[in-house]
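Heads up, the thing below is written out as structure tokens.
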Amino acid sequence: MSISENQLPDLLSVSGLHGGYGKIPILTGINLEVRSGEFVGILGHNGMGKTTFLRTLMGHLKATSGKVELEGVDITKIAPEKRARAGIGYVPQGRQIFSTLSVLENLELATLNNPNRQDNIIESLLEDFPRLKPLLDRRGGVLSGGEQQLLALARCLATSPKLILLDEPTEGIQPSIIDEIQEQLDRFKAADDVAFILVEQNLEFIRTLSDRVLIMQKGQITKELSPEEILQPDLIHEFAGLAAS
Numbered sequence: 281m282s283i284s285e286n287q288l289p290d291l292l293s294v295s296g297l298h299g300g301y302g303k304i305p306i307l308t309g310i311n312l313e314v315r316s317g318e319f320v321g322i323l324g325h326n327g328m329g330k331t332t333f334l335r336t337l338m339g340h341l342k343a344t345s346g347k348v349e350l351e352g353v354d355i356t357k358i359a360p361e362k363r364a365r366a367g368i369g370y371v372p373q374g375r376q377i378f379s380t381l382s383v384l385e386n387l388e389l390a391t392l393n394n395p396n397r398q399d400n401i402i403e404s405l406l407e408d409f410p411r412l413k414p415l416l417d418r419r420g421g422v423l424s425g426g427e428q429q430l431l432a433l434a435r436c437l438a439t440s441p442k443l444i445l446l447d448e449p450t451e452g453i454q455p456s457i458i459d460e461i462q463e464q465l466d467r468f469k470a471a472d473d474v475a476f477i478l479v480e481q482n483l484e485f486i487r488t489l490s491d492r493v494l495i496m497q498k499g500q501i502t503k504e505l506s507p508e509e510i511l512q513p514d515l516i517h518e519f520a521g522l523a524a525s
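Below you can see the structure in the form of structure tokens.
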């Protein structure tokens, strides 16, 4: 007997999450459930807590209260590296690849955090990211911004994550590589075994990929929208500073 979509267990469950920087509160009570294979977009103005939320999910910032569960296991207080081994991947804003290491070394280093590492995982990734093949010997720091973003995404996937956190992956990227990134994410989304939380300001990009889009304001999720609602004139006007294409 098949399980309907509404009966699928949550991969990620966040309840009453508060956090911030030192004594400065940013997150003021976030509740969120994400199912395996689901693509959730988060949209909001700068300073509303989107990056803080992702960093708290990854463990780079400590939650001051609330709970984060991955597959029913409380991970609220465990270290980032343990969250990575448990199945959370993170592609931060600015990419943060190892600039002095080669593309190949960046990928090899990432596989060390993969508890289910396969011998051919890098070869498989290069099939998915063919633009990286001729760049294997180049240092990460000399790549273009778009090439670095592709490397950051490939490096994240080298850990075989169950959930990927993406922070502004199109920022400063040329349109042709944005299309390439979208195609790759579409492919992994279709595989239905990896969930995504995408923070993004490109309205068309977030609309195309997301199963649902959450609006974040002042550290809280205030609204949930369908992808079709993203390009409504009143919403575009509300987020006039964000990219519509």
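For the sequence shown, the working numbering gives the first residue as 281, with consecutive numbering after it.
Cβ coordinates follow ideal geometry from the N, Cα and C atoms, glycine included.
Quiz item: So, do the segment 462-477 and the segment 316-331 have three or more beta carbon pairs nearer to each other than 8 Å?
Solution: yes
Quiz item: By DSSP, does Ala359 sit in helix, in strand, or in coil?
Solution: coil
Quiz prompt | Whole-number beta carbon distance between Gly329 and Ile306, since they are thought to touch under 8 Å | solution = 5 Å
Exercise. Entirely within the segment 381-434 and at least 4 residues each: give me those alpha helix (DSSP H) ranges in chain order.
Key: 383-391 and 401-408
Self-check item: Reduced DSSP category for Leu522 - H, G, I as helix; E, B as strand; rest coil
Solution: Unreliable positioning characterises Leu522 in this predicted model, as indicated by a pLDDT of 48, which lies under 50. The coordinate reading is nonetheless provided below. It is coil, neither helix nor strand.
Quiz item: Of the choices Gly369, Leu323, Lys469 and Glu508, whose alpha-carbon is the least far from that of Arg335?
Solution: Gly369
Quiz item: When you compare each of Asp466, Gly302, Gly299 and Asn311 to Glu504 by their alpha carbons, which one comes out closest?
Solution: Asn311
Practice problem: On the DSSP bridge assignment, give the partners of Met496 in chain order. | Solution: Ile501
Self-check item: Minimum length 4: unbroken alpha helix (DSSP H) runs contained in the segment 319-367
Solution: 330-338 and 360-366
Quiz item: What span of residues does the beta strand (DSSP E) with Leu307 cover, start to end?
Solution: Ile304 to Arg315
Practice problem: Kindly give me the distance between the Cβ atoms of Ile402 and Gly426, rounded to whole angstroms, as I take these residues to be in contact under 8 Å. | Solution: So it is not a contact: roughly 20 Å between Cβ atoms.
Quiz prompt | Integer Cβ distance of Leu291 from Leu387, believed to fall under 8 Å | solution = Incorrect: roughly 25 Å between the Cβ atoms, too far for contact.
Quiz item: Is the CB-CB distance between Gly324 and Gln497 below 9 Å?
Solution: yes
Self-check item: Span of the beta strand (DSSP E), counted from its first residue to its last, around Asp290
Solution: Asp290 to Tyr301
Quiz item: Going by other Cβ atoms of all chains shown within 10 Å of its Cβ, with 16 needed for buried, is Asp514 buried or exposed?
Solution: exposed
Practice problem: Have a look at Phe468 and Leu483 and give me their C-alpha separation to the nearest angstrom. | Solution: 20 Å
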